[in-house]
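Heads up, the thing below is written out as structure tokens.
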Amino acid sequence: MREVELLIIGSGPAGLCAALSAAESGARALILERSFRPGGQLVKQTHMFFGSERQYASHRGVDIAELLLKKLAEYGERIELMLNATAVGFYEDNVVTVLKDEKEYFKIRAKSVVCATGAFEKSLAFPNNDLPGIYGAGAVQTLMNVYGVRPGNRVLMVGAGNIGVIVSYQLLQAGIEVAAVLDAAPRIGAYLVHASKLARMGVPILTSHTVKEAVGTDCLEAAVVWALDEKFKPIPGTERRFDVDVMCVSVGLSPLNELLAMRGAEMKYVPQLSGLVPLRSENCETGIPGVFVAGDASGIEEASSAMAEGWLAGLCAAAKLGYVPADFEARRREYLSQLENLRSGPVGERIRAGMKLSLLEGGMRDV
Amino acid sequence: MFEKTGVAAPEMVLEKFPSVERINRGPVAVVECYQKIPCNPCQTACPLGAIEIGDDINNIPQRDEELCGGCGLCVSKCPGLAIMIVDGSKSPDSVEFRIPYEFLPLPAAGETVLGLDRAGRPLCRAKVLKVLNPPSFDRTPVVTLEVERKYLYTFRNFRREAEEHG
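Note that the protein sequences, when read in sequence, are chains A and B. Residues in the first sequence are numbered consecutively from 45, following my numbering. Residues in the second sequence are numbered consecutively from 285, following my numbering.
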């Protein structure tokens, strides 16, 4: 069985930064990536990121992936990236089972693990929601921005959070019509600057609206939507029909972290973090010594926070292995202050509440 | 309403505008950032220190209309495309706008386009004066347009008209 010092599961923004951070301290890391290309969701983010310079603000996600991978290459053999490699099991003796190229199946034992497995898209229940033409917004973004495929001609976006609004804008950039953006909530969830970009392109944003049903025989032909009252109850008589061949469902993400649950990390349902998350210390370490979590797997946030968490988790995971650089405490404080800064505003309020609920007892003092 | 539609109310927009006297003196930035979000590239981009956010990156940027020289470096750096430059010094009847525009095909200088308001509604004719898209703008081109002065507070976007270029 192959033995490694540090195993990082996932090569999205959190995983890549964790690897860089650990390597900077002197540790050797193996990154498992289930896709044929590294970068996670960064590769389809053609818009500029928010945040500060320290999280590459104002750079486009796809370019941030390039930038991080270039840095990764500088560490040479200290960081190994294994593609087409899915971690399918995580056992008590820190053995991770891996399915590679969908044919080889083997075990890796790691002294320390950072789980940076990301998230998955939530779905929405309505009649005919299985018609071809109804996608997750993330799927459409992948089709369009990674593979250059037009998902259709006229789109109804369900969900006015950041992903819904950003993907709508990118659909317009690809020359595809966006009929409207809906959201069940009475207010737009996305950053309002993103919403304004859409509004001034003439795309209506309908808050307090949801899908009543999808219409079509072989594929989506139309969507019927209706208004919701303040108790989120549909108001009969407010139905409107949109003739669309694509509907994008963008009603949020859930943390993807079953591996940690399997390993025995204590999990908790935290609505502010959008699902089940592992309890962890301030340093991103779960209740199992040497097992860390970073990025959306620890709670849904922005890529900027995922990167900062990755840097922190990588630093602390390396320290656990004995790689404690002279500037350890300064670096740790720097990453913590980045996170605090990113989460300090009104939009970070939910995250701050969620973080409190997911902290291990004594987690704040764990250094 | 803003939080329901994404369209800022006229009084909100007005508050972000520099004085007319300042606009008539030459180019100056209008930073239409109304929500506290963690973001500060506009502050970092400004070579004159005219945009202040401070230590808490969630603060709303404050633009000093006297310090701002209207260079426009912030326009393509704002991830929210929330900044434009207005210049009322060229003519008593019109105003020049420099706005970020991330759609292809780009308009050409001299072209007449349809000016749109903040809700994407047709507003006026606008003349494209210049299109800048250097590598440093990182694929957020900036288009300079001449617009009748009465649309100073309402013009915000434009659409190319297919029939004119078909």
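Glycine is no exception: its CB is placed at the ideal position from the N, C-alpha and C atoms.
In terms of beta-carbon proximity, Thr-289 (chain B) lines the interface with chain A, with at least one pair separated by less than 9 angstroms. Shortest Cα-Cα distance from Val-291 (chain B) to any of B:Pro-325, B:Cys-362, B:Arg-402, B:Leu-398 involves B:Arg-402. The straight-line gap separating the alpha-carbon atoms of Ile-53 (chain A) and Glu-380 (chain B) is approximately 52 angstroms. Contact of Ala-366 (chain B) with chain A by beta-carbon distance below 8 angstroms involves Val-237, Ser-240.
Distances from the CA of Lys-374 (chain B) to each of B:Glu-430, B:Met-368, B:Glu-336 were compared; the closest alpha carbon is that of B:Glu-430.
Using a Cβ distance threshold of 9 angstroms, Leu-357 (chain B) and Pro-331 (chain B) count as a contacting pair.
Residues of chain A whose Cβ lies closer than 8 angstroms to the Cβ of Ala-410 (chain B) do not exist, since the nearest Cβ in that chain is about 14 angstroms away. For Ala-293 (chain B), no chain A residue has a Cβ inside 9 angstroms of its Cβ, as the nearest lies near 12 angstroms away. Pro-248 (chain A): not part of any beta strand (DSSP E); DSSP gives it neither H nor E. For Thr-330 (chain A), the three-state secondary structure derived from DSSP is strand. Residues Lys-151, Arg-153 of the same chain have their beta carbon placed closer than 6 angstroms to that of Val-139 (chain A), with the five preceding and five following residues left out of the count. In this structure Ser-318 (chain A) does not touch Gly-354 (chain A) by the C-beta definition: roughly 19 angstroms separates them, more than the 8 angstroms allowed.
Here Asp-289 (chain A) is not near Gly-162 (chain A), since their CB atoms are 9 angstroms or more apart. Sequence-distant Cβ neighbours of Ser-402 (chain A) in its own chain, meaning closer than 7 angstroms and more than five residues away, are Lys-312, Val-314, Leu-317, Val-321, Leu-323, Arg-324, Gly-343. Listed along chain A, the residues sitting closer than 7 angstroms to Ile-321 (chain B) by beta-carbon distance are Phe-94, Tyr-235, Gly-389, Val-391. Look at the stretch 353–377 of chain B: the residues with a C-beta under 8 angstroms from a C-beta of chain A are Lys-361, Cys-362, Pro-363, Gly-364, Leu-365, Ala-366. Segment contact: the stretch 124–135 of chain A against the stretch 64–75 of chain A, three or more CB-CB distances shorter than 8 angstroms; contact assigned. Rounded to whole angstroms, the Cβ separation of Val-106 (chain A) and Val-132 (chain A) is 28 angstroms, and the two are not in contact under 8 angstroms. Assigned with DSSP and collapsed to three states, Lys-361 (chain B) falls in coil, not helix or strand. From the listed residues A:Gly-308, A:Val-237, A:Tyr-135, the smallest Cα separation to Thr-289 (chain B) is found for A:Val-237. Between the beta-carbon of Arg-444 (chain B) and that of Val-415 (chain B) there is about 12 angstroms, and that puts the pair past the 8 angstroms contact cut. Taking a cut-off of 8 angstroms for Cβ pairs, the stretch 354–370 of chain A and the stretch 56–67 of chain A touch, as three or more such pairs fall below it. Shortest Cα-Cα distance from Val-48 (chain A) to any of A:Thr-251, A:Gly-334, A:Tyr-191 involves A:Gly-334. Look at the beta carbons and you see the stretch 88–107 of chain A not touching the stretch 394–401 of chain A: under three pairs across the two are nearer than 8 angstroms. Residues of the stretch 413–445 of chain B that bring their beta carbon within less than 9 angstroms of a beta carbon in chain A comprise Asp-422, Arg-423, Thr-424, Arg-440, Asn-441, Arg-443, in sequence order. At a beta-carbon threshold of 7 angstroms, the residues of chain B lying near Ser-102 (chain A) are Pro-325, Lys-361, Pro-363, ordered along the chain.
For Pro-57 (chain A), the enclosing alpha helix (DSSP H) begins and ends at 57–69. Bounds of the beta strand (DSSP E) holding Ala-224 (chain A) are 221–227. Our two residues, Leu-365 (chain A) and Ala-67 (chain A), have alpha carbons roughly 12 angstroms apart in a direct line. Taking 9 angstroms as the cut-off, the Cβ atoms of Val-157 (chain A) and Phe-336 (chain A) count as close. Ranked by Cα distance from Phe-93 (chain A), the first of B:Asp-422, B:Phe-442, B:Lys-434 is B:Asp-422. For chain B, the residues of the stretch 249–278 of chain A that bring a beta carbon within less than 7 angstroms of one of its beta carbons are Ile-249, Thr-251, in chain order. Within the stretch 252–276 of chain A, there are no complete alpha helix (DSSP H) runs of at least 4 residues. DSSP places Val-314 (chain B) outside any alpha helix (DSSP H); the residue lies instead in the beta strand (DSSP E), whose first and last residues are 312–315.
Unbroken alpha helix (DSSP H) stretches of 4 residues or longer found wholly inside the stretch 328–389 of chain A: 347–364, 372–387, given in chain order. Beta-bridge analysis with DSSP links Ile-53 (chain A) to A:Leu-76, A:Cys-159.
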